[in-house]
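Below is one structure, written out as structure tokens; comments come after it.
Residue numbers (our numbering), protein chains in the order written: chain A, 53 to 599; chain B, 53 to 599.
Spelled out as structure tokens, the structure:
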């Protein structure tokens with residue numbers, strides 16, 4: 053059977069736009085002689101609609117849209133993802149479904165059984181698990197239609213404090229009993245640089261176990277925090293990846309399930325390049341899908357804002373990025389010079405505003421209240437917040453989205469000022485550890501010096517007091533980031549981290565910093581997620597408590 | 053059987069504090085001749101620990117603590133709530149359990165079957181549903197031990213777009229087959245002023261259906277956003293509430309399951325008084341459980357900050373509340389006077405800082421960049437953000453927690469400045485509509501004028517430009533709040549709201565304002581929840597999309 057894999061970028065709730073794109077691809081697939089074209093999970097609504105799924109008008113609109121798409125399926129079949137209503141007396145109101153469309157109607161409905169409800173996934177909040185297994189039959193082929201997690205009945209668990217068999221059922225085991233010819237998996241699987249290989253391993257394992265070809269169709273595009281990387285594949289019944297679609301962009305390919313031997317996979321790239329591409333897509337889609345084109349950020353001369361500026365320019369074009377240089381009396385000359393040099397290298401608009409007089413004004417009017425106290429965090433934060441006012445003024449006046457430049461190491465230990473440098477509509481580097489920010493800078497400079505070398509080699513500093521360095525209050529980033537990765541991504545206990553050779557006191561200090569800063573992260577900008585455990589809605593900690 | 057109901061306030065992760073309190077109450081119950089003492093759901097860990105449940109050291113510590121508590125149960129039995137490990141090969145790693153402790157050990161384990169995963173509940177994220185029903189046997193009594201939602205197999209659904217039978221199983225139906233003598237329900241049920249009666253109705257219905265006495269033990273205290281109201285009850289086998297414990301405070305009572313006829317229920321109070329008590333508890337516990345005692349807020353002369361100040365004084369005492377008066381050139385004289393009068397009525401420290409020179413400074417340095425533009429939102433926001441800087445400076449310098457004064461109507465339609473008046477560690481009124489804020493003010497002034505009358509009767513204004521009134525950009529609050537309640541709490545569609553007689557254009561304008569302001573609410577302060585649908589983690593909407 054000739055099957056088209058349509059790896060597209062959807063917008064949540066944009067029924068018109070999504071269905072127009074789907075119908076266009078159905079026609080395109082038909083023109084290329086495909087019998088069936090496959091779209092990704094919840095492609096009709098966009099993934100993930102969250103509590104819009106509780107609105108009846110949203111669900112009825114989704115149903116109408118599926119009907120409209122079905123009517124365009126003549127002489128070709130399509131599989132699309134959409135919610136469908138649970139007509140049983142008991143259970144949640146909806147199923148997460150794959151709809152098999154042909155002959156102008158819905159031929160069969162395949163409902164998701166395994167509903168991921170961990171990390172960023174929240175599907176049991178809205179959907180009832182399926183318990184009814186059937187095969188789609190079309191043109192003498194028997195097709196096992198599965199949805200994302202349905203093939204993940206065996207989980208690779210990050211720590212031993214979990215189960216590899218997270219679910220009571222194996223949908224594929226049940227479907228295999230019905231003698232399918234091949235397996236389709238429609239997915240909405242977000243990118244994590246440190247879990248990416250798991251996904252392919254699972255798909256390969258299923259192909260081998262059941263000796264069936266597997267067609268996996270993921271979406272691409274970013275949906276606020278989540279970045280979907282595409283990378284759809286066709287795997288033969290030996291478990292070999294025969295075709296692989298592009299990463300971080302839309303793609304389309306027709307394969308023959310019976311006769312596809314020539315391999316065409318994507319060139320492999322390192323994790324830093326993947327993160328680089330992911331973040332560019334994340335910035336672009338955050339702005340475009342919110343209806344904006346232009347961004348603003350503050351350039352400090354430091355590495356975080358430098359890397360963010362480059363990513364913004366790659367995402368939006370230099371004409372759509374402007375920066376402010378906002379030095380105070382503690383800013384070193386080279387900082388201003390480095391920032392200016394970067395802006396010129398990128399050919400973006402930059403303006404310089406001295407913040408000192410604003411800061412002095414605040415301090416003067418506060419002096420009767422602050423009498424007898426020593427200068428400290430309160431005064432340092434005034435600087436960061438004054439910068440925030442300037443950046444938001446540009447944003448409010450001209451409609452440029454403020455990009456936040458906080459990195460994951462800072463975000464973890466609370467090294468940042470709420471309502472100051474923590475401002476922004478989207479945190480570009482909020483899931484990238486400082487040591488990886490350096491690697492991104494090197495990657496950006498691999499052919500030519502875009503980020504001034506001085507920005508990369510100087511010791512990191514917030515420049516909020518004379519001679520300040522990040523290492524005055526934090527461990528060296530090499531050490532800090534390793535401890536954080538063990539604690540956050542790997543969810544390890546202090547004992548386990550200590551066993552790896554780290555100093556107990558440093559571990560406990562870092563963990564305490566992470567724990568006491570939940571209140572800051574609660575109000576932080578949304579973070580572009582590139583790892584298996586980002587700060588944000590995939591990591592929910594109590595806001596107050598003793599731990 | 054003599055049973056003690058221990059309605060207590062726990063701290064998440066505070067195993068030492070929680071267990072000390074539990075053990076003290078076990079001893080107290082024993083001294084009063086009780087055979088059994090009942091604590092609430094997840095009392096050992098505090099409710100709700102969220103992803104701390106994914107940390108093995110947290111779970112092991114909970115197990116240890118249960119053992120320690122069990123050892124204190126000699127000559128008396130206790131039921132406590134704690135997570136316990138799922139030893140089966142498949143499923144989530146944990147159960148949400150009620151542990152029946154007696155003779156120094158765990159006598160039986162009763163696991164939660166129905167795991168609420170909607171609104172603010174997220175239990176399927178961490179727990180496996182139980183499928184094994186058993187009775188606790190103690191001193192010749194057969195006790196059906198259930199956990200909160202286990203009695204809620206039939207849901208009152210707010211809109212018809214849901215099911216009243218949300219679950220496949222009815223745990224009480226199964227337990228009733230085992231001939232219990234009475235039912236225990238340990239609970240962690242947060243306060244919603246508009247759903248409170250449902251809870252009692254459900255308990256009464258179960259008592260009547262199964263002709264069994266029901267002992268319901270809820271917790272009290274606030275856990276960041278969530279406020280638990282207590283109100284534990286003993287219901288006889290006719291479905292009559294015989295005893296009722298206090299609301300919004302700890303309480304303790306011994307009842308006799310076989311012989312308890314004399315009624316002692318709490319005096320009934322109106323919903324405004326309940327909200328008033330809930331918010332006071334919410335402020336106090338947010339601060340105390342975070343390790344703070346003092347608060348700061350800005351007094352504008354308006355009603356939101358006035359009501360917030362009164363609630364803060366009731367929660368923390370006048371010596372722990374300080375306020376700033378931060379007038380600009382657009383502030384009317386009476387605003388400053390009203391604010392000053394309130395501060396004097398409350399006997400709290402107040403300082404006045406004119407913000408105009410700071411605002412002028414920002415505008416002057418931005419003037420080359422703003423040349424040729426008309427003054428607008430950018431300039432208005434500078435005022436709100438300058439105030440934010442002053443308030444946060446006091447907070448950072450002296451350790452006073454900044455209380456946010458935004459009300460629910462503003463929060464809904466985005467009538468507030470990010471990083472300005474949206475600042476704060478906890479939003480006291482964020483779940484209270486403006487029309488209810490007025491009622492709270494009247495309630496506060498019921499005996500004597502604490503809030504100046506002028507604050508209550510003048511038209512609401514942000515005072516960010518000359519002669520500005522809220523109604524310049526918003527519908528009248530009476531109308532706005534009704535539409536918002538239908539849209540947010542009742543989750544109704546525009547058609548349904550229109551059928552109630554509201555103007556379609558106004559409905560659509562309000563809905564659009566709500567929808568386009570998700571980005572603001574994403575970074576808003578945590579909100580004390582008093583309704584069935586507060587902004588915050590109980591209402592998750594996509595951040596970008598078209599809807």
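Don't be surprised by glycine CBs; every beta carbon is placed ideally from N, CA and C. Owing to the predicted nature of the structure, the values given are computational and were not obtained by experimental measurement.
Inter-residue Cα distance where the pair is residue i and residue j
{"i": "residue 418 (chain B)", "j": "residue 406 (chain A)", "result": "10 angstroms"}
{"i": "residue 447 (chain A)", "j": "residue 348 (chain A)", "result": "7 angstroms"}
{"i": "residue 121 (chain B)", "j": "residue 128 (chain B)", "result": "12 angstroms"}
{"i": "residue 158 (chain B)", "j": "residue 147 (chain B)", "result": "15 angstroms"}
{"i": "residue 555 (chain B)", "j": "residue 424 (chain A)", "result": "59 angstroms"}
{"i": "residue 227 (chain A)", "j": "residue 138 (chain A)", "result": "21 angstroms"}
{"i": "residue 456 (chain A)", "j": "residue 450 (chain B)", "result": "28 angstroms"}
{"i": "residue 493 (chain A)", "j": "residue 561 (chain A)", "result": "29 angstroms"}
{"i": "residue 471 (chain B)", "j": "residue 563 (chain B)", "result": "24 angstroms"}
{"i": "residue 379 (chain A)", "j": "residue 58 (chain A)", "result": "49 angstroms"}
{"i": "residue 445 (chain A)", "j": "residue 392 (chain A)", "result": "21 angstroms"}
{"i": "residue 477 (chain A)", "j": "residue 242 (chain A)", "result": "20 angstroms"}
{"i": "residue 511 (chain B)", "j": "residue 521 (chain B)", "result": "7 angstroms"}
{"i": "residue 178 (chain A)", "j": "residue 172 (chain B)", "result": "13 angstroms"}
{"i": "residue 99 (chain A)", "j": "residue 292 (chain A)", "result": "29 angstroms"}
{"i": "residue 265 (chain B)", "j": "residue 362 (chain B)", "result": "42 angstroms"}
{"i": "residue 191 (chain B)", "j": "residue 118 (chain B)", "result": "22 angstroms"}
{"i": "residue 338 (chain A)", "j": "residue 63 (chain A)", "result": "11 angstroms"}
Cβ pair residue i, residue j closer than 7 angstroms
{"i": "residue 509 (chain B)", "j": "residue 397 (chain B)", "result": "no"}
{"i": "residue 239 (chain A)", "j": "residue 95 (chain A)", "result": "no"}
{"i": "residue 438 (chain A)", "j": "residue 458 (chain A)", "result": "no"}
{"i": "residue 282 (chain B)", "j": "residue 298 (chain B)", "result": "yes"}
{"i": "residue 193 (chain A)", "j": "residue 53 (chain A)", "result": "yes"}
{"i": "residue 546 (chain A)", "j": "residue 535 (chain A)", "result": "no"}
{"i": "residue 463 (chain A)", "j": "residue 574 (chain A)", "result": "no"}
{"i": "residue 205 (chain A)", "j": "residue 222 (chain A)", "result": "yes"}
{"i": "residue 346 (chain B)", "j": "residue 452 (chain B)", "result": "yes"}
{"i": "residue 215 (chain A)", "j": "residue 145 (chain B)", "result": "yes"}
{"i": "residue 154 (chain B)", "j": "residue 163 (chain B)", "result": "no"}
{"i": "residue 483 (chain B)", "j": "residue 388 (chain B)", "result": "no"}
{"i": "residue 279 (chain A)", "j": "residue 368 (chain A)", "result": "no"}
{"i": "residue 592 (chain A)", "j": "residue 103 (chain B)", "result": "yes"}
{"i": "residue 176 (chain A)", "j": "residue 169 (chain A)", "result": "yes"}
One or two residues paired with residue i in a DSSP bridge
{"i": "residue 136 (chain A)", "result": "A:147"}
{"i": "residue 131 (chain A)", "result": "A:90, A:152"}
{"i": "residue 60 (chain A)", "result": "Per DSSP, none; premise fails for residue 60 (chain A)."}
{"i": "residue 424 (chain A)", "result": "For residue 424 (chain A), which the question treats as bridged, DSSP gives no partner whatsoever."}
{"i": "residue 269 (chain A)", "result": "A:238"}
{"i": "residue 300 (chain B)", "result": "Partner(s): none; residue 300 (chain B) has no beta bridge."}
Cβ separation of residue i and residue j, assumed to be a contact under 8 angstroms, to the nearest whole Å
{"i": "residue 134 (chain A)", "j": "residue 90 (chain A)", "result": "That pair is no contact at about 14 angstroms."}
{"i": "residue 202 (chain B)", "j": "residue 324 (chain B)", "result": "That pair is no contact at about 32 angstroms."}
{"i": "residue 67 (chain A)", "j": "residue 113 (chain A)", "result": "5 angstroms"}
{"i": "residue 252 (chain B)", "j": "residue 289 (chain B)", "result": "16 angstroms between Cβ atoms; not a contact."}
The alpha helix (DSSP H) enclosing residue i, as first and last residue numbers
{"i": "residue 659 (chain A)", "result": "Chain A is shown only over 53 to 599; residue 659 (chain A) falls outside these bounds and no answer can be derived."}
{"i": "residue 520 (chain A)", "result": "Looking at the DSSP string, residue 520 (chain A) is not in any alpha helix (DSSP H), and its letter there is neither H nor E."}
{"i": "residue 533 (chain A)", "result": "529-539"}
{"i": "residue 383 (chain A)", "result": "Neither: residue 383 (chain A) is in no alpha helix (DSSP H) and is coded neither H nor E."}
{"i": "residue 584 (chain B)", "result": "Where residue 584 (chain B) is concerned, there is no enclosing alpha helix (DSSP H), given that its DSSP letter is neither H nor E."}
Range covered by the beta strand (DSSP E) that runs through residue i
{"i": "residue 367 (chain B)", "result": "Note, residue 367 (chain B): premise wrong, no beta strand (DSSP E); alpha helix (DSSP H) at 355-368."}
{"i": "residue 402 (chain B)", "result": "401-404"}
{"i": "residue 157 (chain A)", "result": "157-163"}
Residue i Cβ short of 6 angstroms to the ligand HEM heavy atom set
{"i": "residue 208 (chain B)", "result": "This structure does not include the ligand HEM; it has no bound ligands of any sort."}
Q) Which residues, in chain order, does the region 251-275 of chain B contribute to contact with chain C at a C-beta distance below 8 angstroms? A) Protein chains A and B are contained in the structure displayed, whereas chain C is not.
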